[in-house]
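Novice: Take the sequence shown: its letter number 82 is residue 81 in numbering that gives the first Met the number 0, and every next letter is one higher.
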Amino acid sequence: MKLHKPEISARKNKFAIKFFDFAFKRLLEKNFYAVRVKNKHNFYLRDENYSNILYGTHSCWWDGILATFIFRNLYNCNFHMMIKDLYRFTSLAYAGGFSVEKHAFRGSLTAVNYSIKLLENPAHSLWIFPQGNIMPSNSIPIKFESGIAHICKKLDGVNLIPIVYQYLFLRKEKPEILVEIGKPIIVKGGINDKNEFLLFIQGEFEKLLEAQKAELAKGQYDGYECVLHNDQTWLRMMETNFKPLLRAKF
Numbered sequence: 000m001k002l003h004k005p006e007i008s009a010r011k012n013k014f015a016i017k018f019f020d021f022a023f024k025r026l027l028e029k030n031f032y033a034v035r036v037k038n039k040h041n042f043y044l045r046d047e048n049y050s051n052i053l054y055g056t057h058s059c060w061w062d063g064i065l066a067t068f069i070f071r072n073l074y075n076c077n078f079h080m081m082i083k084d085l086y087r088f089t090s091l092a093y094a095g096g097f098s099v100e101k102h103a104f105r106g107s108l109t110a111v112n113y114s115i116k117l118l119e120n121p122a123h124s125l126w127i128f129p130q131g132n133i134m135p136s137n138s139i140p141i142k143f144e145s146g147i148a149h150i151c152k153k154l155d156g157v158n159l160i161p162i163v164y165q166y167l168f169l170r171k172e173k174p175e176i177l178v179e180i181g182k183p184i185i186v187k188g189g190i191n192d193k194n195e196f197l198l199f200i201q202g203e204f205e206k207l208l209e210a211q212k213a214e215l216a217k218g219q220y221d222g223y224e225c226v227l228h229n230d231q232t233w234l235r236m237m238e239t240n241f242k243p244l245l246r247a248k249f
């Protein structure tokens, strides 16, 4: 059976991957004080005989950049991403992005089937936003579209790795990103009931997300390891450059 590719399929290029790795890291350094990750080791609890579906909420423009940074820089994954608006940034196809045309059933089905083909290779990892649309970070209950269940049903096995994250202003001029890697859900032999499966992974994801929110609301930041840091804020530069001048004047 011929595989129909998405309107924009992944055309990975080593030069492009290195360029976007560098560019995304610089963007995060410029705009955030720090990126901190909790439970990095959970990624290594997966079954290496299977490929990986990495998934999280989609609340803002930064989510895709954050996902790429974490799984390319921390884990050096052979990384792909399903991107709804790829037609606006087509060059991302060279870094592993491929489009999903959600306005048409055939477009969505094509992207799902393309994902299944990618994930038949255990060396591949795919990031998706299973809610299907950008939603506010405090949206509850979590509701996933059926694509992730359809993918899991068609594969002999796959690791589902949930990721939750919060963008927070704390003590610094710039915000920080706090990321928690959930324990893998290892699916073997496909699934029987897609609706039941969706309810299960939605519930597990919501528990992880709410637990993270509750901890952070209490000021509990234990276990978060800094993986990116930039303290060169405007106030810091002003302090460095103008303090000697003020001392000389007064």
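We treat Cβ as the ideally placed atom computed from N, Cα and C, and that holds for glycine. All values reported here derive from a predicted model rather than from experimental measurement.
1. Which residues does DSSP list as the beta-bridge partners of Val34?
2. Quick one, which of Ile190, Asn41 and Ile52 has its alpha-carbon nearest Glu253's?
3. Taking the C-alpha atoms as reference points, what is the distance between Phe104 and Lys83?
4. Going by DSSP, what residue range makes up the beta strand (DSSP E) through Asn137?
5. Just reading off the beta strand (DSSP E) that Gly156 is part of, what are its end residues?
6. Could you tell me which residues DSSP pairs with Lys187 in its beta bridges?
7. Does the separation of the CB atoms of Arg35 and Glu175 fall below 8 Å?
8. Could you tell me which of Ala15, Arg25 and Phe18 sits nearest to Leu227, measuring between CA atoms?
9. When DSSP builds the beta bridges, which residues end up paired with His57?
10. Would DSSP call Asn72 helix, strand or coil?
11. Am I right that Ile141 and Ile115 are in contact with their C-beta atoms under 8 Å? What's the rounded C-beta distance?
12. With a Cβ-Cβ cutoff of 8 Å, do Leu207 and Gly181 count as a contact?
13. Determine whether the beta carbon atoms of Ser124 and Phe78 lie at a separation below 8 Å.
14. To the nearest angstrom, report how far apart Ala49 and Leu27 are at their CA atoms.
15. Take the Cβ of His40 as the centre, count every other Cβ of all protein chains shown within 10 Å, and call the residue buried at 16 or more, exposed below.
16. Can you tell me whether Tyr43 is buried or exposed, with buried defined as 16 or more other CB within 10 angstroms of its CB?
17. Secondary structure at Phe143, three-state DSSP: helix, strand or coil?
18. Would you check if the region 152-160 and the region 185-202 touch, i.e. whether three or more CB-CB distances between them fall below 8 Å?
19. If you draw a straight line from the C-alpha of Ile162 to the C-alpha of Arg71, how long is it?
20. According to DSSP, is Phe104 part of a helix, a strand, or is it coil?
21. Between Tyr54 and Ile147, is the Cβ-Cβ spacing less than 8 Å?
22. Which same chain residues end up closer than 6 Å to Arg10 when comparing Cβ atoms and leaving out the 5 residues on each side of it in sequence?
23. What are the residues that DSSP puts in a beta bridge with Leu125?
24. On the three-state DSSP scale, how would you describe Phe23?
25. What would DSSP say about Phe97, mapped onto helix, strand or coil?
Specialist: Let me spell this out:
1. Ile176 and Leu227
2. In this structure the chain extends from 0 to 249, so residue 253 is not present and cannot be described.
3. The predicted position of Phe104 is uncertain, since its pLDDT is 47 and thus under 50; a value taken from the coordinates is nonetheless stated next. Phe104 and Lys83: Cα-Cα distance of roughly 14 Å.
4. No beta strand (DSSP E) contains Asn137, which DSSP labels as neither H nor E.
5. Gly156 to Leu167
6. Gly156
7. yes
8. Arg25
9. In DSSP, His57 forms no bridge with anything.
10. helix
11. About 23 Å separates the two Cβ atoms, so there is no contact after all.
12. yes
13. yes
14. With the sequence shown as reference, residue 49 is identified as Tyr, and Ala is not the correct amino acid for it. Their Cα atoms are separated by approximately 31 Å.
15. exposed
16. exposed
17. coil
18. yes
19. 15 Å
20. Reliability of the predicted coordinates at Phe104 is poor, the pLDDT of 47 falling under 50, and no value is obtained from them.
21. yes
22. Ala92 and Tyr93
23. Ile52 and His79
24. helix
25. strand
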